[in-house]
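J.:
There are 2 protein chains.
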Amino acid sequence: MRRMAAPLLDALVTPAALVDLDRVEANLRRVAAYTREHGLRWRPHTKTHKTAELTALQLAAGAVGATVATPREAEVMATVADDVLLAYPPVGAGRLARLMALPTATRLTVALDSREALDGLGRAARDAGRSVGVLVELDMGMRRVGAQSPEEAVALARAAATTGGVTYRGVIFYPGHLRSPVPEQGASLVEQTARLRAFVDALAAEGLRPDVVSGGSTPTLWRSHEVGGLTEIRPGINVLNDRNTAALGACDWSECAFSVLATVVSTAVPGQVVIDAGSKALAKEEGLAMAGGYGALLDRPDVLVRGLSEEHGLVDVSATTWRPRVGERVRVVPNHVCAAVNLHERLHVLRGEAVTATWAVAARGW
Amino acid sequence: MRRMAAPLLDALVTPAALVDLDRVEANLRRVAAYTREHGLRWRPHTKTHKTAELTALQLAAGAVGATVATPREAEVMATVADDVLLAYPPVGAGRLARLMALPTATRLTVALDSREALDGLGRAARDAGRSVGVLVELDMGMRRVGAQSPEEAVALARAAATTGGVTYRGVIFYPGHLRSPVPEQGASLVEQTARLRAFVDALAAEGLRPDVVSGGSTPTLWRSHEVGGLTEIRPGINVLNDRNTAALGACDWSECAFSVLATVVSTAVPGQVVIDAGSKALAKEEGLAMAGGYGALLDRPDVLVRGLSEEHGLVDVSATTWRPRVGERVRVVPNHVCAAVNLHERLHVLRGEAVTATWAVAARGW
Chain S
1 MRRMAAPLLD ALVTPAALVD LDRVEANLRR VAAYTREHGL RWRPHTKTHK
51 TAELTALQLA AGAVGATVAT PREAEVMATV ADDVLLAYPP VGAGRLARLM
101 ALPTATRLTV ALDSREALDG LGRAARDAGR SVGVLVELDM GMRRVGAQSP
151 EEAVALARAA ATTGGVTYRG VIFYPGHLRS PVPEQGASLV EQTARLRAFV
201 DALAAEGLRP DVVSGGSTPT LWRSHEVGGL TEIRPGINVL NDRNTAALGA
251 CDWSECAFSV LATVVSTAVP GQVVIDAGSK ALAKEEGLAM AGGYGALLDR
301 PDVLVRGLSE EHGLVDVSAT TWRPRVGERV RVVPNHVCAA VNLHERLHVL
351 RGEAVTATWA VAARGW
Chain C
1 MRRMAAPLLD ALVTPAALVD LDRVEANLRR VAAYTREHGL RWRPHTKTHK
51 TAELTALQLA AGAVGATVAT PREAEVMATV ADDVLLAYPP VGAGRLARLM
101 ALPTATRLTV ALDSREALDG LGRAARDAGR SVGVLVELDM GMRRVGAQSP
151 EEAVALARAA ATTGGVTYRG VIFYPGHLRS PVPEQGASLV EQTARLRAFV
201 DALAAEGLRP DVVSGGSTPT LWRSHEVGGL TEIRPGINVL NDRNTAALGA
251 CDWSECAFSV LATVVSTAVP GQVVIDAGSK ALAKEEGLAM AGGYGALLDR
301 PDVLVRGLSE EHGLVDVSAT TWRPRVGERV RVVPNHVCAA VNLHERLHVL
351 RGEAVTATWA VAARGW
């Protein structure tokens, strides 16, 4: 086979999603060291990147398995991970059939918060002749899903422990509100530890002590060890990072490993340039940064994408002397990397300015 | 070949994008009658649906050609349309090469607002031995792209008229601000007509009278005839419609032909149910309706999707007695149909409750 020269960045048609592999590897080393130091199992949420290749790198760096949210993510990640956690209630015959069709060698665990979901999963697992682990979802203040009280958690855990086809393994929650911009909607770290202990103690008193206590997210990542009782964390974003994560102080700008390459297509309106990365390339997600906007230039973080229509990104150059010409290229760090990646068919993987690989965003859709 | 029975709605794995064909056909008849009545050419923007199949229906209903924004859309729509308008500046060698590779039988016209874009297009067209039409983009108050003054428009039109490989055909603008929620950023209908006349008169005075004056969008669709001098309109959304269009009064709720089928996956939090259509199925686009939210139930428009995370839609049921159970299905009309369609691989086409076809959203990406 002839060895092909790596294409250069300049050859890509824009908009194009870029991943800086040096930064990815540094991000992987950082979380691996942190979880090792604190005795936490690291089970990254793969919804951020939706690629088998990046999951494989995470596993090689020390991750114990993959977290997924959809059947498609489970199918794709099961090609490289033998331990998969579906952190989402498996409801509906179609979704259950897809889960049961995963390779029998895949150790599958599922999060749920209702008897309906548990009963459906148990039936499907028995019919398929497989055993599926169950984590009872707890609401730790996010008010999205999860048992509202220790009593509810105990009732569901007891049902899981006595349902054929499934094995009760522990509890799971999402703590992303901890450092959210509206912290009053959530709970403080101390309150969260106390709330978690109330759940765990109630379960233990009924002989249902959880082996797994799964929490963690990128905004709260580096304080996970302060939450007593955690056994594993599931950060997603931190492998790539984004503008919101930097604004929250959970990463440095130099740790942002994802960007969208775009071309300046118009400079007609004074004080503004238009790039060919709009809401269909960057995702129209609000910024947490005080400065607003939908993204910032990787090499000029003070220059913001102020407006988005579907194929137009409006870059505000009114406060800079930089005046790019039509045809010039820029790299944009979006506010929310998970939403942006999901808009692209492939990620172009860079070492410096050379494209060394192309990864299919294979787990898009459901 | 064995005729297969049409699958039923119930058999789809959720979330699933649905198109109600009866409503589509009614929407097509309505715009066809309007444009016929007012002597306007109808060139629908196909970025809304990104399918060749729906473009074919639009052409059969009387559309004169397809409007597109990206090379991929041009490639897909050229399989069914022989007249394609790229309403986007073609900047960059990669994009130009893709355009020049379109079938030679495709009549191609391109919008642009800079000498750089014009010169690049002319070179590419000459190299490819084809002739490409040019429309000069005008800024009619949107402040996104387009010539800022009649003088700028004249200079660019003159350059187009004298550049080899291209043919100057007229002018184009986007009037979507007309009925936007922040009308002070735009111009009134009377101001717009006056502004357009100033551009057209200046061009005519220099022997550059535009054959094509292309405007129109869904919010302004039904008042297009009030803008003097228009020759064609390019509405995109109106074939499917959405919650924002209904909120603007540009369609009736019963004309919304697109919805996302979703399953209730959790009812743990009081006053709320969680569905499996989140921001990756509905798009997190702000609503124009006073009521806020990211979508509303097709059959219960007063029940709103109040919050979205990636795979969770938080449906507010606090003000209704309706209490769906886990496993129940609902249909959601999103705020912005173009952004929602772009998140799906395929559209399931319905006659009543039967799925009669599946259309690939083939023009996603670039």
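Read top to bottom, the protein sequences are chains S and C.
Once you know that position 255 of the first sequence is 255 in the numbering used here, the rest is easy, because the numbers rise by one and skip nothing.
Once you know that position 121 of the second sequence is 121 in the numbering used here, the rest is easy, because the numbers rise by one and skip nothing.
We put the beta carbon where it would ideally sit given N, CA and C, even for glycine.
Owing to the predicted nature of the structure, the values given are computational and were not obtained by experimental measurement.
1. Write down every uninterrupted run of the alpha helix (DSSP H) in the segment 84-133 of chain S whose length is 4 residues or greater and which is fully enclosed by it, in chain order.
2. Taking the continuous alpha helix (DSSP H) assigned at S:Arg158, which residues delimit it?
3. What whole-angstrom Cβ distance do C:His45 and C:Arg234 have, given they're in contact under 8 Å?
4. With a threshold of 8 Å between beta carbons, is C:Ser266 in contact with chain S?
5. Give a yes or no on contact between the segment 11-24 of chain S and the segment 257-277 of chain S, applying the rule of three or more CB pairs nearer than 8 Å.
6. Have a look at the DSSP bridge pairing and note the partners of C:Gln272.
7. At what residues does the alpha helix (DSSP H) containing S:Thr356 begin and finish?
8. Tell me whether C:Val326 sits in a helix, a strand or coil according to DSSP, three-state version.
9. For the alpha helix (DSSP H) containing C:Tyr34, name the first residue and the last one.
10. Using a C-beta to C-beta distance shorter than 8 Å, which residues of chain S count as neighbours of C:Ala125?
11. Just by C-beta distance, which residues in the segment 76-96 of chain S are closer than 9 Å to chain A?
12. In whole angstroms, what separates the C-alpha of S:Gly292 from that of S:Leu248?
13. At a Cβ cut of 9 Å, what residues of the segment 286-318 of chain S count as close to chain C, listed as they run along the chain?
14. Between the segment 193-204 of chain S and the segment 89-101 of chain S, do three or more beta carbon pairs fall short of 8 Å?
15. Whole-angstrom Cβ separation of S:Ala336 and S:Asp242, contact assumed at under 8 Å?
16. What would DSSP say about S:Pro235, mapped onto helix, strand or coil?
17. Going along chain C, which residues have a C-beta under 7 Å from S:Asp113?
18. Given a limit of 7 Å on CB to CB distance, which residues of the segment 242-254 of chain C reach chain S?
19. Using the beta-carbon count (16 or more within 10 Å), is C:Arg325 buried or exposed?
20. Could you give the distance in angstroms between the alpha-carbon of S:Gln185 and the alpha-carbon of S:Gly141?
21. Between the segment 140-157 of chain S and chain C, which residues of the former have CB atoms less than 8 Å from a CB of the latter, in chain order?
22. Have a look at C:Gly236, C:Arg115, C:Glu137, C:Ala74 and flag the residue whose alpha-carbon is nearest the alpha-carbon of C:Leu108.
23. The beta strand (DSSP E) that contains S:Ser309, what's its start and end?
24. Okay, do the segment 273-287 of chain S and the segment 351-365 of chain S touch, 3+ Cβ pairs below 8 Å being the bar?
25. At 7 Å on the CB atoms, spell out the chain S contacts of C:Trp366, in chain order.
26. Are the C-beta atoms of C:Arg179 and some chain S residue less than 8 Å apart?
27. Which two residues bound the contiguous alpha helix (DSSP H) that contains S:Arg72?
28. Give the residues of chain S in contact with C:Arg325, contact being defined as C-beta atoms less than 8 Å apart.
29. So, does the CB of S:Thr321 fall closer than 8 Å to a CB anywhere in chain C?
30. So is C:Arg351 buried or exposed if we call it buried at 16+ other beta carbons inside 10 Å?
31. Is the CB of S:Val274 under 8 Å away from at least one CB in chain C?
32. Suppose you measure from the CA of C:Ala362 to the CA of C:Ala16; what does that come to, to the nearest Å?
33. For the candidate residues S:Gly164, S:Thr167, S:Ser224, whose alpha-carbon lies nearest to that of S:Gln192?
34. Could you pull the start and end residues of the alpha helix (DSSP H) that C:Leu54 belongs to?
35. S:His225 by DSSP, collapsed to three states: which one?
36. Anyone know if the C-beta pair for C:Gly164 and C:Arg126 falls short of 8 Å?
T.: In this structure, then:
1. 93-100, 115-128
2. 150-161
3. 5 Å
4. yes
5. yes
6. C:Asp316
7. S:Thr356 -> not in any alpha helix (DSSP H); beta strand (DSSP E) instead, spanning 354-360.
8. coil
9. 21-38
10. Under the 8 Å cutoff, chain S gives no residues; its nearest Cβ is about 17 Å from C:Ala125.
11. In the structure shown, chain A cannot be found, because the protein chains are S and C.
12. 13 Å
13. Glu286, Gly307, Ser309, Glu310, Glu311, His312, Leu314
14. no
15. Looking at the sequence shown, residue 336 of chain S is not Ala but His. Contact flag correct, Cβ pair sits at about 6 Å.
16. coil
17. Ser266, Ala268
18. none
19. exposed
20. Confidence is the limiting factor: at S:Gln185 the pLDDT is only 44, short of 50, which leaves the residue's position unreliable and the question unanswerable from this model.
21. Arg143, Arg144, Val145, Gly146, Ala147, Gln148, Glu152
22. C:Ala74
23. First-last for S:Ser309: undefined, no H or E at that position.
24. no
25. Val13, Pro15
26. Per-residue confidence for C:Arg179 stands at a pLDDT of 46, beneath the threshold of 50, marking its modelled position as unreliable; the derived number appears in the next sentence. Output row for C:Arg179: interface = no.
27. 71-77
28. Glu116
29. no
30. exposed
31. yes
32. 16 Å
33. S:Ser224
34. 52-60
35. helix
36. yes
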